[in-house]
Every structure is written in C-alpha cells, then in structure tokens.
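Asker: Residue numbers (our numbering), protein chains in the order written: chain U, 1 to 263; chain W, 1001 to 1263; chain E, 2001 to 2263; chain L, 3001 to 3263. Using N, Cα and C, we set each Cβ at its ideal position, and we do this for glycine too. A single structure is presented below for examination.
Protein chains: 4
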Amino acid sequence: MNPSPLIDHAPLRVTIWNEFVHEKQNPEVQKLYPRGIHGALAERLAGPGLALRTATLEEPEHGLSAEVLRQTDVLLWWGHAAHEQVSDEVVRRVQERVWEGMGLLALHSAHRSKIFRALSGTSGKLHWREAAERERLWTIDPAHPIARGLPETFVLPVEEMYGEPFMIAGDAHVVFLSWFEGGEVFRSGFTFQRGHGRVFYFRPGHEAYPTYENPHVLQVLRNAIHWAAPILSAPYPKTHRPESLEPIEEKAGTYGKAGIVTP
Amino acid sequence: MNPSPLIDHAPLRVTIWNEFVHEKQNPEVQKLYPRGIHGALAERLAGPGLALRTATLEEPEHGLSAEVLRQTDVLLWWGHAAHEQVSDEVVRRVQERVWEGMGLLALHSAHRSKIFRALSGTSGKLHWREAAERERLWTIDPAHPIARGLPETFVLPVEEMYGEPFMIAGDAHVVFLSWFEGGEVFRSGFTFQRGHGRVFYFRPGHEAYPTYENPHVLQVLRNAIHWAAPILSAPYPKTHRPESLEPIEEKAGTYGKAGIVTP
Amino acid sequence: MNPSPLIDHAPLRVTIWNEFVHEKQNPEVQKLYPRGIHGALAERLAGPGLALRTATLEEPEHGLSAEVLRQTDVLLWWGHAAHEQVSDEVVRRVQERVWEGMGLLALHSAHRSKIFRALSGTSGKLHWREAAERERLWTIDPAHPIARGLPETFVLPVEEMYGEPFMIAGDAHVVFLSWFEGGEVFRSGFTFQRGHGRVFYFRPGHEAYPTYENPHVLQVLRNAIHWAAPILSAPYPKTHRPESLEPIEEKAGTYGKAGIVTP
Amino acid sequence: MNPSPLIDHAPLRVTIWNEFVHEKQNPEVQKLYPRGIHGALAERLAGPGLALRTATLEEPEHGLSAEVLRQTDVLLWWGHAAHEQVSDEVVRRVQERVWEGMGLLALHSAHRSKIFRALSGTSGKLHWREAAERERLWTIDPAHPIARGLPETFVLPVEEMYGEPFMIAGDAHVVFLSWFEGGEVFRSGFTFQRGHGRVFYFRPGHEAYPTYENPHVLQVLRNAIHWAAPILSAPYPKTHRPESLEPIEEKAGTYGKAGIVTP
C-alpha cells in the first residue's frame, strides 16, 4: 500500500542489445558498421546524462543477465536473422523487467523478435521489400516527447520498405508515419505500455543502409530513451488480501467461510 | 490483394473449454456444477443460431486439435488451478487462430491463463479475496453490443473479489466496472483485438458461487459470443513484395540491387 | 435502471446531408454531380435494407428538423464551402442525436465542419493540395466491419491531397491509411464514439473528381452505414440519485445532510 | 517544416481559475475556503518551480485575457453553478490555447463546464448524490507520472458521489478509479490530448468538503501540473501546399489545373 520506490537516475543506464550477425557475415554491412550496430549506436548516442553499455547474442546469457537487466533503465533491441536463437529464458526475464518499469526500444526488424511479440501479443507480421527506395517520415504527434526537435517531415534516401497491414496491438500510439516511394505506408514509430514499462517501436534501421548516421533518426532514439525511462521500478502488485478494507456483511447460512454453498 | 474470405456462419460454432478440475475435486463445487462449468454453460447458452460443443484439459490435445479450432468461430476459456498444465503447443495454436479471426472469451481466472497472457502481453496480475462478498457491476458503455439488454447496474450477491491495479494492456475497452462490498473496484468486462480476432474478458464466474445461473451474466456471454464472431477468417497477410506498386527511381552508383552501398 | 430500448430497424433510415454549393456554382462539378453529391450518393447507395433520404443547407432548418433527426439512424455529412452557414442550433441538435445513438459519417472536407469539430473536440486542421494526384488507400484493419469486402489496397487515380499532421482525437481507430503521389500520408478512415453514437470519418470525396463513382469508395460507405447503425437510441442517463444503492454510514456531528461541515 | 519552438519554462506558469460563487453565497463553504477554492489551491500548491496566479468569473474577460492565456503553461478550472455564465469567446480562446499546447486540469464539477465539453466532444453527463459518503480512490496506473508518490488506495472520508456511466471520450486514459460507500464506481482521474495540449480530469473537490486539504489530492494536482506542461507551444500546422514534395505525374488531357475533368 506504500508508494512504490521512485526512480530518479542520473545518469540513465542504457543497454544496447544487438544480435550482431549481419555485421560479421556481410562485408558490405561490416563497412557500414565496423563495430556493429550496437557499437555505432553506443558511440553516436553518447552524451551527458546517459551511461551506455552494449550486449550481444553471443555473450553468455546474451549479455542480459539478471544483474545487467536490474541495472538497466532502458534497453534498445536490434535483431533480425537470429530471433529464434534468443533463449526463451532471457526473453521472459526482459519481459518481466519491462513489467517492472524498464523501458524498451524495439528497432527495425525487432518487430518479429520474441520480446516484441511477447509484449504486444501479436506476431508483428508486415509486408517488406528491399529495393533501395526513398522513405519519408511524418511526425503526426508533434507534441509528443519523442518528437521533440524533429521536423514535420524528413527523408531517408534509401531504406527497406515495411508495409501495412502491420499486426500490432490496438494501443499503439502512433508518433511517426512513413511514406515509401514504391507505394506503401507504415506506422513507423509508436508507443505502448505493458505493466510499468514503456515501449517504443521505431521502423528505420536496415543493416544495409547508413540509417543510423541520420541525425533525425539519432534524435528520435535519444528522445525515446528519455521518454522510456522508468517512473518507478517495482514488480506489479499482486496480493492475496483476506482482510477487506471496508466491512463485509455476514452471509452465514448461505455461504461458508470459503464461499461454498452450505445448506 | 484480394479481399479476404468473409464469414457468415449460421449457426455460429462455439467451443466452451474448461480445465474441469475443481468440479472433480471439491464436492461443493460439484453440487453447483455437476456436469462441469463447461456443461452448465453449454446447457444454459444453448439457443437458435449457436452450435455449441465443449472441450476439457484431460482430452487429447485438451480437446483443441487443429481441426476443432478450424471449426470454431468463438472459444470460451475457463481455467484456474491448471494453467501451467496447458501445453504451449495448444496455446500457440489458439493464439494463431485468434490472429486469424476466431473470437475468444476469457472467463474469470482466465486472467492468468497462458492464452490471455500471450494475447495481452501482460501477466494479468491483480489482487483477490474469497469472502463471499457482494459484487455490483456497472454497465459503463451501454451502447456496446455486449451490453445489449443489460441494466445499468446489477448485483451478484456473493462473488470472489478481484481488485485493481489489474495488469492489462492499454487498448482494453471497458464495458463493465465492478464495485465490491469490501472496498475494491475492478475493470470486469473489456474487449481488445489481436490480429483479426476479438477478445472479451469477463470477471465473474468463481467456481464456488452460482454465478453462471445469473441471467445477466448469461446475457453478457450470449452477447459477447455474437460480438466476437469473426468478420473474416484468414492468416494475417505477410508478403515479400519485391515488385513495387509505384515506380522506384534508379539509384545506381550508390546502392546495388541488394541495397548495399557500392562505390 | 431498465435496459435502454433496443433498436432493430428494418430498413435502416439514412439521411444524406450535403451543403450543395459547389454543384450549383461550378459547371464542371455540376457535370460530375448533376443532382448534387447527395443525389449521387442516394442513387448509388440505394439497396435492400436501406431507406435513404437527402437534406441540404438551403432547406428550412437545413432539412434537419428535430423530427427528421428523430427518424434518422445514420446521417452522412458532406460540407466544405459553407461550414459557417450551418446554424449552431442544428449542429447542437445533430450532436445530441449522436450522443443518443445516431451514427454519423463525416465525408471528405467535413473534417472542418462544425459537427465534426464539436464531436471530436479538435479543429480538424490538416495540410492540403489540389493537384490531381494519385491516392492509394491501404486497409490497415482488414477485420473491421467497415473493411468488409475491400482489397488490401486500392487506387483513386486523381484526388485532392490531405496531409498529416491531422488534428484529431486520440481515440480515432484507423481503418484506412492513404499514400499520396506527392509525398504525404493521411489517416483517411477512422472511427470513434461519442455517447451512444458511432462516428466514421472518410477522406476521399473531392467535388472535382469522380470519387463517388468508385466501387470501393461506395462499398466503404455502405459498410460504414451498417456499422454506424444504433445499438440503442436513448438520451445518456443522468440522474440525481439521493437514495444510495448500498447503505451509507451516518456521519452526524461532522457533516450535515447537505454535507456541509457543522460543529 | 521547421521544428516547433520548444518550451522549457522555469518556473512553470500556472493559472488557477475558479467561478468563485459558492464561497460567496454559502457561509459554510466560506468557512472551508475563506479565500475561495482558487485562493486555497494557490496557497497549498505553491512551491519551487511554479509561478501561480488566479483568475475568477467576475473579473473582466473572467481574468482570462489573451495575454494571460499566452503566459499560462497550465490552467486549472473549477466551475459548477455558473457554467453558462462563462462567455463563449473565452471558452474558444482557452480551447485554442490547449490546441497550441497549454495544459488543462478540469476539476470536479468542471465535467459539465463548457471547456471540458468542447474539448471532449461529449456532454460530461453522470449520476450524482450529495450524502457525505466515503470515497475510496484506487491508483490503477501506478507508473503514470500523475501517480508519482501516491499510494495504491486512499480515502476521502466525505465526498459527493459521481457515478457511471460517465459520458467521456474513448481516449480517456484512466489513472484513478473511485469506489463509493453508496455502491457506485467512477473514472475519477483520466488524461486525454487535444492538439498539442494535455488535459487531466480529476473528480474529487466538492465545495462543501475539505477535499483540497487532503495531501494526496494536492499531490495529484502537483503531479498533474508538471505532467500537463507543454512540450511545445505553437498553433497546429495547417498549410496550403500547392507544391508537392515528391514529383506528381502529369495527367493532362483528363484533369486540368483545378483538377476538374476536361474533355
């Protein structure tokens, strides 16, 4: 019944998780991200108020031990080729930390990651095409903290296409919509909440394009990290409360103590 | 690209699933539900336009084979003591059918069932007390199809208490709120959608009380079955669409066919 | 406390309202809609189960007397040049009928009509361009009743552009998103509810293009009429309830009957 | 197309508006609020980071000139007996400031104020009873910034009852639910957004009870003021954009410049 412990971290503790597969297998991707997408993001998002670390699939427990998660305020997740190699145990652990209050940023193809699917309750299915096409993003809720400082519209000269219908939950609050050269539209940036934790999905970020060099994209991620920071961090309350707060009338003769009908 | 196959079943095919544990273990519950909660519901919900069948945990595949699910328009789910005995395979199968369009009614302690948790993305945690207390339900969206014919308020003389905070997803559209004698309130009836499928959670229905004899409760379930009937029934679209719908400008010299930067 | 009167009209009574200004002022528009947009819609939406009538701005009370509204289940609204000539009294009357349960379809430039603004609580502002450009609509909730029979995507060869950000309320449930040739995206079809009444906004329908000949557009309107039909039709309940439903403890000595502190 | 001007006020400029009628007409209310509800709130909410001022109905322009509103980040509104005496012009002005980004806290009987009705699009109808009864509030979204530091439940020993159904818009995000001794429940604290502005409704605050002495109630208001502070402050964009961002194919021979069909 007491207020939950409030969080006021300085600095904010951020863990950037990346499956780190394409960068090792594809020389072209390696040229774009020589230290991996996680490395590039850690470098480019660095700044006052943020304590950044990285974690990858190949580390023990994928780098996401209970201790690491306990000390993470906001987790970024980039995955694509190796969704199924992420252990169910780690996914459950991450999900529980989100329920407790940890923020989660699901990036690009994380729409099909186990953790996004577990939190949204959907499959995250969509249409896609890799054709080096122009993506134009629109900021449709300019007053949202994640849109802070963003222009009304901005262009990514080449990106992979993701198209609607996108199978997401009904409480997605859409901040960014995308227009694609090839004719599709997409809900590219949206928030939702599960338990105490805030989740943000952001579409751009295909490994074969220099999207994470774009200053607007980096600004969205910076804003989203601050937005997703926990207000409180505690397990969701769940109590057997045999004593009532208000008086309950005796109903003896009809129902016994356990509530079972008695003659 | 073609319209999905429309559904216009007559009659509507309803499967009532019950773990069927308390009724066999507790003589008092057995007195209330001699043919099981599933049996009582099948009997009391029977009527024109509905083809009802039942399924229970102890049957092979819990009575929910792929074939049974394929022929089910709306599934009712009552579980409590045996959530963890439900196989993950069956849960995944049910979830996929919901995504395709099958309606789901999660009853009472199904808030902690694997299927409710998988679809909502939450743990379904809440507070509770079993003290034979009065529950008063309020219809807060009287224009919702599930509220059709229901009074503004009605009383269940004895029920188990479920109390807030209730860990559910943000797109829960609340139709019924409960007041409890002992001081709690609860979002007792709400809808949400995942993929093509409609889900309704309804709180009342503790095994130790004659809740499923209450005509208002039965009316809510009847309304909800009709509301949850599929509009269409098809897997969510998900297509690799290499050819674009609108022309994409050549960007040769910067990005190759696979979209990789080339010199 | 009694259930509200249920509605089960056959046929459904539909009133198509049009300001009917452009058709009389612009010969090119007149060629497209010689009997007005209302006349064209009345003709093309006619079918079993629907009793259609029309009303226009120039009629007494704009053709929307209390009696006409009382006998209307679903109202379609097309307005653009004459929003400010619609009397506040008629707008209030329409709003109250929506609160009672009447459905409303706001078409195209009705986004700036008094009635849309009054019901959504916003200004309905957006960007626009009239350049005969291609609009491609996407059905993003294919399981919604309004999407029944619609393809995943369809094209209007020439339309006016409406662009985001579009100032609408947060409970807009989006069924259709638009892609425009010129680079914009738009939430082109969405629903919301106010009181007992269901509202659907649908973007296409510029007076200078033959949009209301498009079979998909007509199908959307037909579906929406059926979707918006009232479940019940009654003023929202609002009661001074001096007697409580559950016993209230005496608190004499501190607060008197009117609740005022007394010594 | 440029980013909107960001707001980073220190201190936050808060205007507390009160109709100030009951306090002058009813000696018992005057005893509770000798300097008016606005005066009591200004005194009790004072603290670092807040610049508070008050305004009342009887002042010229109700104390809400364009200049005052321009310099207000968050507006609190208490009204009951004199809703209809508030000028439509001032209401429109306040509504436009909310659309621009100003926060609004609608208190207690402000559910029937012109401004609440204009922003929500509903009538704000509900049931009520003044019987000095116990109200118990539940924090159902403990991770919301407005719930910061609040316990899971707290009691107001005597309050007026407000009961469901409460006619509000579908995007109300509920933070607090109330239980009443007399049997009702109520969505007592909820947020929504219109344009750039954030709105919070909070139920408790009947003039005949010392509700605004309750430390939890004051904490809710303090939290809500900070939550409702503008992210940006600018009119919603609305542009005629004759030049497109992406190339539009010539469609000469079918549609002329104005988009009208030509032979």
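What does M3102(L) touch in chain E if you count any residue whose Cβ is under 8 Å from its own?
Answerer: The residue labelled residue 3102(L) in the question sits at position 102 within the fourth sequence. Neighbours of M3102(L) on chain E: none; closest Cβ ~15 Å, over 8 Å.
Asker: So the alpha helix (DSSP H) A2224(E) belongs to, where does it begin and stop?
Answerer: Your numbering for residue 2224(E) matches position 224 in the third sequence. 2215-2228 is the span of the alpha helix (DSSP H), which, as asked, contains A2224(E).
Asker: Look at M2102(E) and L2119(E) and say whether their C-beta atoms are less than 8 Å apart.
Answerer: Indexing the third sequence from 1 puts residue 2102(E) at position 102. Indexing the third sequence from 1 puts residue 2119(E) at position 119. For M2102(E) and L2119(E), no; Cβs fall outside 8 Å.
Asker: Would R148(U) count as contacting chain E if we go by Cβ distances under 8 Å?
Answerer: Numbered from its first residue, the first sequence carries residue 148(U) at position 148. No, R148(U) does not count as interfacial toward chain E.
Asker: With a threshold of 16 other CB atoms inside 10 Å of the CB of S3004(L), please say whether the residue is buried or exposed.
Answerer: What you label residue 3004(L) is simply residue 4 of the fourth sequence in a count that begins at 1. The predicted model places S3004(L) with a pLDDT of 40, which falls under 50 and marks its position as unreliable, so this point remains unresolved.
Asker: Give me the subset of the region 2110-2127 of chain E whose CB atoms are less than 7 Å from a CB atom of chain L, sorted by chain position.
Answerer: A2118, L2119, S2120, G2121, T2122, S2123, K2125, L2126, H2127
Asker: Report yes if the C-beta distance between N2214(E) and L2156(E) is below 8 Å; otherwise report no.
Answerer: Walking along the third sequence from the start, residue 2214(E) turns up at place 214. Walking along the third sequence from the start, residue 2156(E) turns up at place 156. Against a cut-off of 8 Å, the Cβ pair of L2156(E) and N2214(E) comes out as a contact.
Asker: Any beta carbon from chain L within less than 8 Å of P142(U)'s own beta carbon?
Answerer: In the first sequence, residue 142(U) corresponds to position 142, counting from 1. At least one chain L Cβ lies under 8 Å of P142(U).
Asker: How many Å lie between R2136(E) and V2014(E) at the Cα?
Answerer: Along the third sequence, one-based indexing puts residue 2136(E) at 136. Along the third sequence, one-based indexing puts residue 2014(E) at 14. Computed Cα separation, rounded: 28 Å.
Asker: Under the three-state reduction of DSSP, which class applies to S178(U): helix, strand or coil?
Answerer: Position 178 of the first sequence, counted from the first residue, corresponds to residue 178(U). S178(U) falls in the strand class under three-state DSSP.
Asker: Looking at L105(U) and W138(U), is the spacing between their C-beta atoms short of 8 Å?
Answerer: The residue labelled residue 138(U) in the question sits at position 138 within the first sequence. The residue labelled residue 105(U) in the question sits at position 105 within the first sequence. A distance of 8 Å or more separates the beta carbons of W138(U) and L105(U).
Asker: Using a threshold of 8 Å, state whether the C-beta atoms of A2055(E) and G2049(E) are closer than that.
Answerer: Position 55 of the third sequence holds residue 2055(E). Position 49 of the third sequence holds residue 2049(E). In this structure, G2049(E) does not lie closer than 8 Å to A2055(E) by Cβ.
Asker: Going by DSSP, which residues form a beta bridge with V155(U)?
Answerer: The residue labelled residue 155(U) in the question sits at position 155 within the first sequence. Answer is R136(U), bridged to V155(U).
Asker: Would you identify the three-state DSSP class for E23(U), choosing helix, strand or coil?
Answerer: The count along the first sequence starts at 1 and reaches residue 23(U) at position 23. In the structure shown, E23(U) sits in a helix (DSSP, three-state: H, G or I).
Asker: How many Å lie between V261(U) and K1031(W) at the Cα?
Answerer: Residue mapping note: residue 261(U) aligns to position 261 of the first sequence, counting from 1. Residue mapping note: residue 1031(W) aligns to position 31 of the second sequence, counting from 1. Note that V261(U) scores 47 on pLDDT, short of 50, meaning its location in the model is unreliable; the coordinates nonetheless yield the value given after this. Going by the C-alpha atoms only, they are around 9 Å apart.
Asker: Using a Cβ-Cβ cut-off of 8 Å, state whether E250(U) counts as contacting chain E.
Answerer: In the first sequence, the residue the question calls residue 250(U) occupies position 250. By this cut-off, E250(U) is not an interface position.
Asker: Report the residues of the region 2176-2209 of chain E with a CB closer than 9 Å to any CB of chain U, ordered along the chain.
Answerer: L2177, S2178, W2179, F2180, G2183, E2184, V2185, F2186, R2187
Asker: For P2163(E), which residues in the same chain have their Cβ closer than 8 Å to its Cβ, ignoring the five residues on either side in sequence?
Answerer: Here residue 2163(E) refers to the residue found at position 163 of the third sequence. The question names Pro, yet the displayed sequence has Gly at residue 2163(E). Excluding positions up to five away in sequence, the list reads L2126, H2127, W2128, R2129, F2180, E2184, V2185, F2186.
Asker: For A169(U), would you say it is in contact with chain W, using Cβ-to-Cβ distances shorter than 8 Å as the test?
Answerer: Along the first sequence, one-based indexing puts residue 169(U) at 169. So, interface residue.
Asker: Where does F3186(L) sit, in a helix, a strand or coil, going by DSSP?
Answerer: Looking up residue 3186(L) in the fourth sequence gives position 186. Here F3186(L) sits in strand by DSSP.
Asker: I want to verify the contact list: residues of chain U whose CB lies under 7 Å from the CB of W2138(E), in sequence order.
Answerer: What you label residue 2138(E) is simply residue 138 of the third sequence in a count that begins at 1. The contacting residues are E164, V185.
Asker: Just to confirm the assignment, what range does the alpha helix (DSSP H) spanning V3068(L) have?
Answerer: For the purposes of this step, residue 3068(L) is taken as the residue at position 68 of the fourth sequence. It spans 3066-3070 - the alpha helix (DSSP H) in which V3068(L) sits, taken as one unbroken run.
Asker: When burial is assigned at 16 or more other CB atoms within 10 Å of the CB, is P1242(W) buried or exposed?
Answerer: Locating residue 1242(W) in the second sequence gives position 242, where the first residue counts as 1. Exposed: under 16 other Cβ atoms inside 10 Å.
Asker: I'd like the list of long-range same chain contacts for E3207(L), defined as Cβ closer than 6 Å, with 5 residues on each side in sequence excluded.
Answerer: Position 207 of the fourth sequence, counting from 1, holds the residue named residue 3207(L). So the qualifying residues of the chain are H3022, V3029.
Asker: Go ahead and pull the three-state DSSP assignment for W77(U).
Answerer: Taking the first sequence and counting its residues from 1, one reaches residue 77(U) at position 77. Of the three classes helix, strand and coil, the one that applies to W77(U) here is strand, per DSSP.
Asker: State the Cα-Cα distance for the pair H3080(L) and H3108(L), rounded to the nearest angstrom.
Answerer: For the purposes of this step, residue 3080(L) is identified with residue 80 of the fourth sequence, where counting begins at 1. For the purposes of this step, residue 3108(L) is identified with residue 108 of the fourth sequence, where counting begins at 1. If you take the alpha carbons of H3080(L) and H3108(L), they lie about 8 Å apart.
Asker: Report the three-state DSSP secondary structure of Y1201(W) (helix, strand or coil).
Answerer: Residue numbering aside, residue 1201(W) sits at position 201 when the second sequence is read from its first letter. It is a strand residue.
Asker: Anything in chain W within Cβ reach of L2075(E), meaning under 8 Å, just list it in chain order.
Answerer: In the third sequence, counting from the first residue as 1, residue 2075(E) sits at position 75. Chain-ordered listing is empty here: chain W has no CB closer than 8 Å to the CB of L2075(E), the nearest sitting near 16 Å.
Asker: Select from F2176(E), V2175(E), F2166(E), G2182(E) the residue whose C-alpha is nearest the C-alpha of V175(U).
Answerer: Translated into positions along the first sequence, residue 175(U) becomes position 175. Comparing Cα positions, the closest option is F2166(E).
Asker: Can you tell me whether G2103(E) is helix, strand or coil according to DSSP?
Answerer: Locating residue 2103(E) in the third sequence gives position 103, where the first residue counts as 1. Reduced to three states, the DSSP call for G2103(E) is strand.
Asker: Please name the residue or residues paired with L1012(W) in a DSSP beta bridge.
Answerer: Within the second sequence, the letter at position 12 stands for residue 1012(W). Residue pairing by DSSP places L1012(W) opposite L1050(W) in a beta bridge.
Asker: Would the beta-carbon of L2218(E) be found less than 7 Å away from any heavy atom of the ligand MG?
Answerer: No copy of the ligand MG appears in this structure; indeed no ligand is present at all.
Asker: Please list the residues of the region 3232-3249 of chain L that have a C-beta atom closer than 9 Å to any C-beta atom in chain E, keeping them in chain order.
Answerer: P3235, Y3236, P3237, K3238, T3239, H3240, R3241, P3242, E3243, S3244, L3245, E3246, P3247, I3248, E3249
Asker: W1089(W) versus chain U: which residues are under 7 Å apart at the beta carbon?
Answerer: In the second sequence, counting from the first residue as 1, residue 1089(W) sits at position 89. The sequence given here places Glu at residue 1089(W); Trp does not occur at that position. Chain U residues near E1089(W): none, gap ~14 Å exceeds 7 Å.
Asker: Are the C-beta atoms of R1129(W) and some chain U residue less than 8 Å apart?
Answerer: Along the second sequence, one-based indexing puts residue 1129(W) at 129. Yes, R1129(W) lies at the interface with chain U (some Cβ there is under 8 Å from its Cβ).
Asker: Within the same chain, show all residues whose beta-carbon is closer than 6 Å to that of I1016(W), passing over the 5 residues directly before and after it, in chain order.
Answerer: Position 16 of the second sequence, counted from the first residue, corresponds to residue 1016(W). Excluding sequence neighbours, I1016(W) sits near H1038, L1041, A1042, T1054, L1076.
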